[in-house]
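Residue numbers (full-length UniProt numbering): 1 to 77.
Notes to accompany the following structure.
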Amino acid sequence: MNESQEYESQEQPFQEEATNVNGNKRRLTSDVWNHFDRKTIDGEVKAECKYCRKHLAGSSRSGTTHLREHYTNRCKR
Ligand SMILES: [Zn+2]
1 MNESQEYESQ EQPFQEEATN VNGNKRRLTS DVWNHFDRKT IDGEVKAECK YCRKHLAGSS
61 RSGTTHLREH YTNRCKR
């Protein structure tokens with residue numbers, strides 16, 4: 001019945017997009033998330049330190065600078 005549509009879907013123009021997988025680009029999700037768990041508390045995204053369980057702002061809008069500073073300088077692991 002819909003053979004013409006099926007044929008169309010095989011012609012995807014996106015097959016050459018393999019470059020992102022190779023890690024050439026800097027990852028947007030940075031390695032701070034190896035040290036924090038992301039949690040949603042009262043509708044706010046929080047980063048919970050895996051070592052001291054402290055909660056810090058964790059939304060992507062907040063950035064990750066303060067998180068990195070926490071585990072590199074402040075946190076007594
Ligand atoms: Zn900590």
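Ideal Cβ placement from N, Cα and C applies to all residues, glycine included.
- The C-alpha of residue 36 lies about 9 Å from the C-alpha of residue 58.
- Not one heavy atom of ligand 1 sits closer than 6 Å to the Cβ of residue 39.
- For the UniProt domain "BED-type" (27-77), the full-length alpha helix (DSSP H) segments reaching 4 residues or more read 65-69 along the chain.
- Take the alpha-carbon of residue 74 and the one of residue 56: they are about 12 Å apart.
- The C-beta of residue 51 has fewer than 16 other C-beta atoms within 10 Å across all chains shown, which makes the residue exposed.
- Put simply, of 41, 42, 43, 49 the residue whose alpha carbon is nearest the alpha carbon of residue 34 is 49.
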